[in-house]
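Written out below as structure tokens is the structure these notes cover.
Protein chains: 2
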Amino acid sequence: MSTKERILETSLLLFNEFGTESVTVRHIAERMHISHGNLCYHYPNKEALIIALYEQLVNQLNQKVTHYIGKEISIIDMQASLIFVISLFYKYKFLMQNFTNIMRIIPYIREHYIQICIQRKKEFQMIHNQLIHNNILIPEPYKGAYDALYIRVHMMGDFWIPFADIHLQGSDNEKIQQFVNQIFELYFPYFTNDTKLLFHNLNSNNSI
Amino acid sequence: MSTKERILETSLLLFNEFGTESVTVRHIAERMHISHGNLCYHYPNKEALIIALYEQLVNQLNQKVTHYIGKEISIIDMQASLIFVISLFYKYKFLMQNFTNIMRIIPYIREHYIQICIQRKKEFQMIHNQLIHNNILIPEPYKGAYDALYIRVHMMGDFWIPFADIHLQGSDNEKIQQFVNQIFELYFPYFTNDTKLLFHNLNSNNSI
DNA sequence: AATAATTTAGAACAAATGTACTAAAATAAA
DNA sequence: TTTATTTTAGTACATTTGTTCTAAATTATT
Numbered sequence: 019m020s021t022k023e024r025i026l027e028t029s030l031l032l033f034n035e036f037g038t039e040s041v042t043v044r045h046i047a048e049r050m051h052i053s054h055g056n057l058c059y060h061y062p063n064k065e066a067l068i069i070a071l072y073e074q075l076v077n078q079l080n081q082k083v084t085h086y087i088g089k090e091i092s093i094i095d096m097q098a099s100l101i102f103v104i105s106l107f108y109k110y111k112f113l114m115q116n117f118t119n120i121m122r123i124i125p126y127i128r129e130h131y132i133q134i135c136i137q138r139k140k141e142f143q144m145i146h147n148q149l150i151h152n153n154i155l156i157p158e159p160y161k162g163a164y165d166a167l168y169i170r171v172h173m174m175g176d177f178w179i180p181f182a183d184i185h186l187q188g189s190d191n192e193k194i195q196q197f198v199n200q201i202f203e204l205y206f207p208y209f210t211n212d213t214k215l216l217f218h219n220l221n222s223n224n225s226i
Numbered sequence: 019m020s021t022k023e024r025i026l027e028t029s030l031l032l033f034n035e036f037g038t039e040s041v042t043v044r045h046i047a048e049r050m051h052i053s054h055g056n057l058c059y060h061y062p063n064k065e066a067l068i069i070a071l072y073e074q075l076v077n078q079l080n081q082k083v084t085h086y087i088g089k090e091i092s093i094i095d096m097q098a099s100l101i102f103v104i105s106l107f108y109k110y111k112f113l114m115q116n117f118t119n120i121m122r123i124i125p126y127i128r129e130h131y132i133q134i135c136i137q138r139k140k141e142f143q144m145i146h147n148q149l150i151h152n153n154i155l156i157p158e159p160y161k162g163a164y165d166a167l168y169i170r171v172h173m174m175g176d177f178w179i180p181f182a183d184i185h186l187q188g189s190d191n192e193k194i195q196q197f198v199n200q201i202f203e204l205y206f207p208y209f210t211n212d213t214k215l216l217f218h219n220l221n222s223n224n225s226i
């Protein structure tokens with residue numbers, strides 16, 4: 019593995035453990051047993067490291083999204099996709115923990131993230147429409163209901179990790195499972211009766 | 019107003035505008051046209067300022083909570099109380115924006131906040147029980163349903179401000195209104211039919 | 001093998017920041 | 001009015017951090 023790759027790897031490790039504020043380029047270099055001059059040769063500063071890690075995450079997310087495009091989506095798919103996304107978020111935990119700060123400090127990430135969100139919202143609208151069409155979700159009970167639902171889902175996605183870190187116990191995997199359950203609880207009132215039944219059977223199998 | 023009070027006031031202003039990381043004791047002193055030596059005479063460092071402001075917020079919250087203790091709570095009360103709390107959170111916006119960081123950096127706040135949350139959870143459980151008893155909420159549909167609901171409400175409360183800041187437009191007041199709506203949407207599936215009707219009438223009056 | 005390019009270590013410097021200290025000024029108490 | 005206390009301004013110092021630079025070492029190329 020190249021020095022450049024090792025730098026990112028070590029940065030991710032330290033950022034996740036101690037947060038971006040406490041960790042400096044010198045700490046990272048020290049941990050790797052290289053000089054910080056060397057580190058700055060590859061990445062001029064901490065900001066560059068954060069951006070590089072952010073781009074890693076975004077790339078991995080995009081691969082998954084394009085994978086789903088145009089396909090029919092079931093409840094099982096949704097569940098798998100939720101687990102994939104939240105697991106990835108856990109891998110880049112520090113980004114989620116410091117999200118608002120990073121957004122404020124690094125304009126590139128702020129603008130890029132806002133762009134991504136616009137796109138993500140459209141994708142969700144498409145998925146919702148498809149699920150309504152396939153009788154998995156009920157038609158919109160009032161205008162804007164699914165937009166409001168999406169806000170809740172979106173919030174849960176972005177802030178679950180810092181919340182769980184503070185308030186919940188157990189392993190990361192248990193927290194991921196709880197996250198998936200919570201998202202489904204958000205969707206539950208919008209499930210058709212058939213879906214509710216299906217979902218109920220699914221859950222009673224899983225829980226034992 | 020004493021210097022000590024003016025310091026807190028100015029700190030709050032600058033923290034809210036630029037975030038706790040960017041603002042230093044020197045900036046605050048400069049803005050107030052006093053020496054930073056003077057500022058450090060009253061509050062030795064930035065951490066002390068953050069703690070003092072945190073305590074201001076907690077005190078104001080506690081006053082409201084004790085106000086409600088032992089009383090019967092209606093939907094209207096809930097709405098009023100939600101608006102009060104979220105408005106207070108908006109006043110101390112910087113605390114909510116940097117929450118996870120502040121929790122990590124300042125042990126006093128971390129431990130104190132965790133204590134508060136235990137208490138807050140119990141209060142909510144009592145309120146839920148009362149609302150079930152008064153036929154406003156349905157009985158728990160499955161074991162842990164209201165605990166899970168409370169997690170969603172809690173998350174929404176703690177992270178609405180950073181979320182709205184990034185993704186929503188409009189004035190703070192509009193965002194506060196949206197917050198209240200979102201919380202009620204979380205509760206809606208647990209309303210009794212009577213409450214749903216009442217809630218519906220309430221909303222159709224408000225919206226015009 | 002000789003040369004060029006890349007990578008690395010380490011030093012050096014500037015700026016920012018927290019903290020402590022001193023002496024003057026203002027205020028309160030006697 | 002005198003004395004004590006509190007408040008204020010300003011300075012000074014250590015530490016941290018980002019950033020740049022140089023020269024040595026390593027690797028790749030010819």
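Those protein sequence lines, which keep their order, are chains F and R. The first sequence begins at 19 in the numbering used here and counts up by one. The second sequence begins at 19 in the numbering used here and counts up by one. C-beta atoms are modelled at their ideal positions from N, C-alpha and C, and glycine is treated no differently.
Mind checking which residues open and close the alpha helix (DSSP H) that includes K89 of chain R?
Per DSSP, K89 of chain R belongs to no alpha helix (DSSP H) and is neither H nor E.
Contacting residues, own chain, Cβ-Cβ under 8 Å from E158 of chain F (five flanking each side not counted)
Within the same chain, Cβ atoms closer than 8 Å to the Cβ of E158 of chain F are found at I150 and Y164, the five residues on either side in sequence being excluded.
C-alpha gap between H54 of chain F and I25 of chain F, whole angstroms:
11 Å
Secondary structure of L216 of chain F, DSSP reduced to three states:
DSSP places L216 of chain F in helix when its eight states are reduced to three.
Reducing DSSP to helix, strand and coil, say where L186 of chain F ends up.
coil
What do you get for Y61 of chain F, buried or exposed, if any count of 16 or more other CB atoms within 10 angstroms of its CB means buried?
buried
Taking 8 Å as the threshold (beta carbon to beta carbon), is F181 of chain R in contact with chain F?
Under the 8 Å criterion on CB atoms, F181 of chain R is classed as interfacial with respect to chain F.
Cβ-Cβ separation, T38 of chain R to F112 of chain R (assumed contact under 8 Å), whole Å
6 Å
Around the C-beta of R281 of chain F, are 16 or more other C-beta atoms found within 10 angstroms, so that it is buried, or is it exposed?
Look at the range of chain F in this structure, 19 to 226, and you will see that residue 281 of chain F is not part of it.
Nearest neighbour of I68 of chain F, chosen from F:I93, F:F33 and F:D95 [CA to CA]:
F:F33
Do you know whose CA, among R:L30, R:T21 and R:N80, lies nearest N56 of chain R's CA?
R:T21
Touch test, the segment 72-83 of chain R against the segment 110-130 of chain R, Cβ-Cβ under 8 Å, three pairs minimum:
yes
Going by DSSP, what residue range makes up the alpha helix (DSSP H) through N119 of chain F?
It spans F117 to I123 - the alpha helix (DSSP H) in which N119 of chain F sits, taken as one unbroken run.
Please tell me whether E39 of chain F has its Cβ less than 8 Å away from any Cβ of chain R.
yes
So is T213 of chain F buried or exposed if we call it buried at 16+ other beta carbons inside 10 Å?
buried
What residues from chain F crowd round F206 of chain R, counting only those whose CB sits closer than 9 Å?
P207
Given that a residue counts as buried once 16 or more other Cβ atoms are within 10 Å of its Cβ, and exposed if not, what is A166 of chain R?
Answer is exposed; the Cβ neighbour count stays below 16.
Neighbour flag for E141 of chain F against chain R, beta carbons, 8 Å
no
Option in F:R170, F:P180, F:Y86 and F:Q74 with minimal Cα separation from N229 of chain R:
Within the shown structure, residues of chain R are numbered from 19 to 226, placing residue 229 of chain R beyond reach of any answer.
Please report the straight-line C-alpha distance between A98 of chain R and S92 of chain R, rounded to a whole angstrom.
Those two C-alpha atoms are separated by around 10 Å.
Going by C-alpha distance, which of R:H218, R:L30, R:L215 and R:F217 is nearest M114 of chain R?
R:L30
How do the segment 171-187 of chain F and the segment 168-188 of chain R stand: do at least 3 beta-carbon pairs fall below 8 Å, yes or no?
yes
Report yes or no: is there a C-beta of chain R within less than 8 Å of the C-beta of T118 of chain F?
yes
Out of curiosity, what's the CA-to-CA distance linking M121 of chain F and I127 of chain F?
One C-alpha to the other measures close to 6 Å.
I226 of chain R versus K193 of chain R: straight-line alpha-carbon distance, rounded
Because I226 of chain R carries a pLDDT of 34, less than 50, the predicted location of this residue cannot be relied on, and the following value inherits that uncertainty. Straight-line Cα distance between these residues: approximately 18 Å.
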